[in-house]
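Each remark here refers to the structure printed beneath this line.
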Amino acid sequence: PYDSNANRTLVKLYQFFPQNAQAQYIVLAAALALVYGTATKEGSLDFGSLGCLINESMKKEEPYPTLIRCADLLDSCQFSEFWSVFHSIENNS
1 PYDSNANRTL
11 VKLYQFFPQN
21 AQAQYIVLAA
31 ALALVYGTAT
41 KEGSLDFGSL
51 GCLINESMKK
61 EEPYPTLIRC
71 ADLLDSCQFS
81 EFWSVFHSIE
91 NNS
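So, in structure tokens, the structure goes:
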């Protein structure tokens, strides 16, 4: 099951110990937050809060920009396009 506290704690630990940060786990935490996180009128609360904790340089590397695109698609209710873009992340990993 999805645990937002565990994901947030992992990303916070990577803030304090950036030498141990592993991009694949940060992206996985962000993807889980996007898909399973709490949704609000403004978007995914969990995805947005994790985004504030993730290093800016890591946000520039794929697949994070694609996850941001996915968040935008969800916010605009373009669900079928969301899933095709989201599955492209899996295929490119």
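At position 86 of the sequence shown the residue is numbered 86 (this note's numbering), and the sequence of numbers has no breaks. Beta carbons are placed, not taken as given, at the ideal position from N, Cα and C, and that holds for glycine.
Inset, instruction - Hey, could you find the ends of the alpha helix (DSSP H) residue 24 is sitting in? - result: In the DSSP assignment, residue 24 falls within the unbroken alpha helix (DSSP H) covering 23 to 36.
Inset, instruction - Measure the CB-CB distance between residue 7 and residue 33 and report whether it falls below 8 angstroms. - result: A contact, by the Cβ cut-off of 8 angstroms.
Inset, instruction - Would you check if there are 3 or more beta carbon pairs closer than 8 angstroms linking the stretch 15 to 32 to the stretch 46 to 64? - result: yes
Legend entry - Backbone CA spacing between residue 43 and residue 36 [nearest angstrom]: 12 angstroms
Legend entry - Separation of residue 41 from residue 10, as counted between CA atoms: 26 angstroms
Legend entry - Cβ-based neighbour list, residue 69, same chain, cut-off 7 angstroms, excluding 5 preceding and 5 following: 85
Legend entry - Residue from 73, 3, 60, 77 with nearest C-alpha to residue 23: Nearest option by C-alpha distance: 60.
Inset, instruction - Let me know if residue 16 comes out buried or exposed under the rule of 16 or more other beta-carbons within 10 Å of its beta-carbon. - result: exposed
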